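Note that the protein sequences, when read in sequence, are chains S and R. Going by this note's numbering, the first sequence wraps up at 172, each residue one higher than the last. Going by this note's numbering, the second sequence wraps up at 479, each residue one higher than the last.
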Amino acid sequence: MQLTVLVVTLLFMGIIAAYFIAAVQASDAPQSEINFDARRSRLIWSLLAFGAVVTVASLWSWPHAVRTTSDVVTVNATGYQWYWEIDKESVPVGKPVVFNVHTADVTHGIGIVDPNGRLLVQTQAMPGYVNRVEHVFETAGLHKVICLEFCGIGHHDMVSEFNVVSKQVVRR
Amino acid sequence: MNAAIEKPESSAAKLTMLLAGVVILLMMALGLIMRATQGNLIQLDPALFYQIMTAHGAGMVGAAALTGAAILWYFVGRYVELIEGIYWAFLGLFLLGVVLILGGIFIGGYGGGWTFLFPLPAISGGAWTSSAAASFILGYISIGVGFLLYYLEVGRKLISKYGGISGALAWPLAFGSGKPEDAPPPTIVAAMATTIFNTIGIVVGAAVLISSLVNLLMPEFAVNALLAKNMTYFFGHVFINASIYMAVIAVYEIIPEYTGKPWKTSRAFALSWSAILLLVMIVYPHHLLQDTVMPAWALVMGQIISYLSGIPLLAVTAFSLCVYLRGSNIRWDLASALLVLGVAGWSVGSAPAIIDGMISVNKLMHNTLWVPGHFHIYLILGEVAMAFGFMAWLVKDARATGLAGMDRVAFWLYLLGGAGFTLMFLISGALSIPRRWAVHVPEWFLQDRIAAAFGALVVLAALFFVSNYARGLGKSRSS
Ligand code: HEM
Ligand SMILES: [Cu+2]
Ligand SMILES: [Cu+2]
């Protein structure tokens with residue numbers, strides 16, 4: 001997913017940059033007779049239409065939806081300066097896991113990283129609130145929990161681990 | 001402009017740009033030190049790293065705001081008589097703020113980030129005292145008060161000369177039957193809009209700063225952390241964006257000198273600035289997309305408005321500049337090249353910003369290096385490029401004409417360095433490397449080091465721009 005985002009972004013950046021390069025190169029060309037106001041309207045309407053499609057497609061299923069079905073595995077995670085306290089050592093593959101994220105002091109951010117170092121999901125840990133976020137793990141293995149909100153001089157040290165295991169071996 | 005008819009705004013702006021130029025250089029050096037530390041090229045104690053990070057963030061945002069303010073004041077002074085004393089009071093309060101901020105950071109040890117996210121300033125885990133945090137916060141308040149004075153003066157002059165807020169925003173042209181000939185010049189429209197939204201931003205910022213200050217002195221005075229976060233990001237988003245919106249005035253005013261074609265207020269222009277005025281104030285929830293307790297409508301709004309904010313930028317500012325450039329026979333020199341680069345960099349940088357404003361993408365990119373990736377594009381290659389362009393223009397009479405020699409080399413160095421440096425941030429973000437980590441793991445060192453090398457090119461080019469500016473000031477003074 002992240003690499004797709006990177007490629008798509010670079011594509012858009014390239015298009016915008018190319019537009020500027022073309023304009024700069026045309027600066028000593030003769031003045032053109034093109035009707036730019038009509039072009040501008042077309043650009044605005046296409047951007048609006050494109051945006052409407054992307055908005056609906058990307059929000060159709062709510063990205064922060066949290067299931068409440070009986071097979072949900074709940075994990076409570078609390079951030080402290082500067083460590084995580086997590087009430088489960090392992091969670092199952094293929095089942096919805098809901099993280100209830102708390103903090104005991106300042107704002108932290110929980111980030112779950114897979115064995116390849118890829119960020120899977122995150123949410124903030126806010127004083128006075130419980131942010132909930134769901135993830136269905138696809139691969140077993142040792143996952144890392146990191147901090148994704150700056151919380152002081154030990155911010156980068158807030159690294160914990162938990163195991164994602166195939167369904168049979170789950171234990172408390 | 002001829003020295004004999006030099007207006008007072010001009011010496012104030014020249015001094016400000018010199019100060020800001022030096023600050024930008026120093027802060028860039030701090031940025032380079034951070035990137036080199038992350039790449040394990042040098043070793044820094046994490047406490048010091050986070051102090052440097054705080055200084056770099058606050059210093060750069062401050063320098064960007066200062067250059068924007070100097071540009072706006074300089075060019076608005078072409079249309080209305082501004083009281084010079086107000087500017088000096090603004091600059092004095094700004095410098096007082098800088099002293100308090102630097103003292104809080106490097107004497108008191110405050111390293112809670114430029115965003116002072118409540119309650120971190122008060123709960124440092126022993127890293128800094130509350131007086132250090134208080135000094136930092138008082139420094140912000142001092143700068144805020146200076147800005148409020150500044151905008152009060154600009155706002156009141158624009159309102160009285162251009163027929164109220166609606167007149168200065170060219171609403172008769174945007175929404176009525178007003179004619180383009182009767183509309184105020186682009187500079188005035190931009191100045192009026194930024195004056196309004198940045199004043200509101202600063203007032204909200206002051207409220208959360210004062211709450212944080214009271215909380216530092218009396219910890220039993222509790223603040224709702226989510227409310228404070230909303231206010232902080234409202235302020236932060238508005239304030240940093242205002243600096244770009246102020247700096248773009250330099251493009252409206254200077255580029256016509258290089259083409260002989262005036263830059264006029266059109267209906268699209270007027271409409272786009274009214275849209276900006278609204279959008280810039282309701283887009284900030286894109287900073288809270290990972291707070292699942294936020295009302296869903298606010299997050300949806302954050303996503304949609306982030307996208308919509310791109311439209312005035314791309315379809316009006318960028319599009320108009322590109323149309324304007326075609327067949328313009330623009331003369332290129334360091335100033336015009338940097339100003340055009342500024343708009344291009346700003347526009348290009350909006351793509352990664354908008355994409356990160358999508359909730360589902362944000363879940364994977366938020367607070368990774370993707371975030372500094374997108375904003376360094378429109379700051380290094382956007383706002384700061386415009387500021388350097390303005391500086392080059394201020395001393396252009398003392399310098400060679402055309403884009404040749406070292407000017408040309410430095411321009412391309414800056415562009416190459418800036419592009420490479422920010423691209424490495426984006427790549428690192430896509431590889432899930434978190435932002436604001438003093439210590440990186442060895443798998444990340446290579447990217448960090450490549451980024452540091454590109455960053456060094458930026459610093460070199462900036463060193464050239466600033467020293468050349470200083471030399472130009474010296475020359476024009478003696479001639
Ligand atoms: C040579 C040029 C520059 C270099 C090498 C540089 C480097 C850096 C680095 C390494 C970080 C921290 C990244 C992290 O989160 O791990 C950073 C953050 C930041 N930079 Fe820069 N930067 C440069 C120019 C600028 C400019 C021109 C601006 C603004 C006008 C700017 C504004 C910021 C801000 C606001 C932050 C966020 C600080 C925070 O997260 O608290 N930087 N920069
Ligand atoms: Cu943290
Ligand atoms: Cu923002």
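The beta carbon of each residue, even a glycine, is placed where N, CA and C say it ideally should be. Given the structure is predicted, the values throughout are model-derived calculations rather than measurements.
Per the DSSP calculation, residue i is bridged to which residue(s)?
i: Val73(S); result: Val97(S)
i: Asn163(S); result: Ser90(S) and Leu142(S)
i: Gln122(S); result: Gly111(S)
i: Thr103(S); result: Gly79(S)
i: Cys147(S); result: Ile110(S)
i: Thr55(S); result: Note: Thr55(S) sits in no beta bridge, so no partner.
i: Pro434(R); result: Thr368(R)
i: Glu383(R); result: The partner list for Glu383(R) (beta bridge, DSSP) is empty, contrary to what the question assumes.
Taking DSSP as the reference, what is the three-state secondary structure of residue i?
i: Gln38(R); result: helix
i: Ile330(R); result: coil
i: Lys396(R); result: helix
i: Asn131(S); result: strand
i: Val248(R); result: coil
i: Thr9(S); result: helix
i: Val439(R); result: coil
i: Glu253(R); result: helix
i: Val136(S); result: strand
i: Leu15(R); result: helix
i: Trp171(R); result: helix
i: Gly474(R); result: helix
i: Trp84(S); result: strand
i: Glu33(S); result: coil
i: Thr195(R); result: helix
I'd like to know whether the C-beta of residue i is nearer than 7 Å to at least one C-beta of chain R.
i: Arg172(S); result: Because the pLDDT of Arg172(S) is 47, which lies under 50, any placement of that residue in the model is unreliable, and the number read from its coordinates should be weighed accordingly. No, because no Cβ of chain R sits closer than 7 Å to the Cβ of Arg172(S).
i: Val136(S); result: no
i: Thr9(S); result: yes
i: Gln31(S); result: yes
i: Tyr129(S); result: yes
i: Thr68(S); result: no
i: Phe99(S); result: no
i: Val213(S); result: Limits of chain S in this structure are 1 at one end and 172 at the other, which puts residue 213(S) out of reach.
i: Asp105(S); result: yes
i: His64(S); result: yes
i: Arg166(S); result: What sits at residue 166(S) in the sequence shown is Ser, not Arg. No, Ser166(S) lies away from the interface with chain R (no Cβ there is under 7 Å from its Cβ).
i: Leu142(S); result: no
i: Val75(S); result: no
Verify the CB distance criterion: does residue i have a CB-CB separation below 7 Å to chain S?
i: Gln447(R); result: no
i: Val293(R); result: yes
i: Met358(R); result: yes
i: Arg326(R); result: yes
i: Ile311(R); result: yes
i: Gly113(R); result: yes
i: Ala4(R); result: The predicted model places Ala4(R) with a pLDDT of 40, which falls under 50 and marks its position as unreliable; any figure quoted below should be read in that light. Not an interface residue.
i: Leu48(R); result: no
i: Gln38(R); result: no
i: Asn367(R); result: yes
i: Gln290(R); result: yes
For residue i, does the count of other Cβ atoms within 10 angstroms reach 16, so buried, or fall short, so exposed?
i: Arg172(S); result: With a pLDDT of only 47 at Arg172(S), under 50, the local geometry of the prediction cannot be trusted, and the value read off the model is given with reservation. Label assigned to Arg172(S): exposed.
i: Arg42(S); result: exposed
i: Lys475(R); result: exposed
i: Phe90(R); result: buried
i: Ile83(R); result: exposed
i: Ser46(S); result: exposed
i: Asp71(S); result: exposed
i: Ser177(R); result: exposed
i: Ile107(R); result: exposed
i: Pro92(S); result: buried
i: Ile21(S); result: exposed
Cβ of residue i less than 7 Å from any chain A Cβ?
i: Tyr233(R); result: Looking for chain A here will not work: the only protein chains present are S and R.
Under the criterion of a Cβ to heavy atom distance below 6 Å, does residue i qualify as lining ligand 5?
i: Cys322(R); result: What this structure holds is ligand 1, ligand 2 and ligand 3, not ligand 5.
Residue i: which of the options sits nearest, CA to CA?
i: Thr195(R); options: Ile42(R), Leu95(R), Gly139(R) and Ile276(R); result: Ile276(R)
i: Leu423(R); options: Phe390(R), Val293(R) and Pro372(R); result: Pro372(R)
i: Met218(R); options: Met53(R), Ser131(R) and Ala47(R); result: Ser131(R)
i: Val99(R); options: Pro121(R), Trp73(R) and Gly62(R); result: Gly62(R)
i: Leu95(R); options: Ile123(R), Tyr140(R) and Leu120(R); result: Tyr140(R)
i: Leu59(S); options: Leu426(R), Trp273(R), Ser124(R) and Trp297(R); result: Trp297(R)
i: Ile153(S); options: Ile123(R), Val145(R) and Phe147(R); result: Ile123(R)
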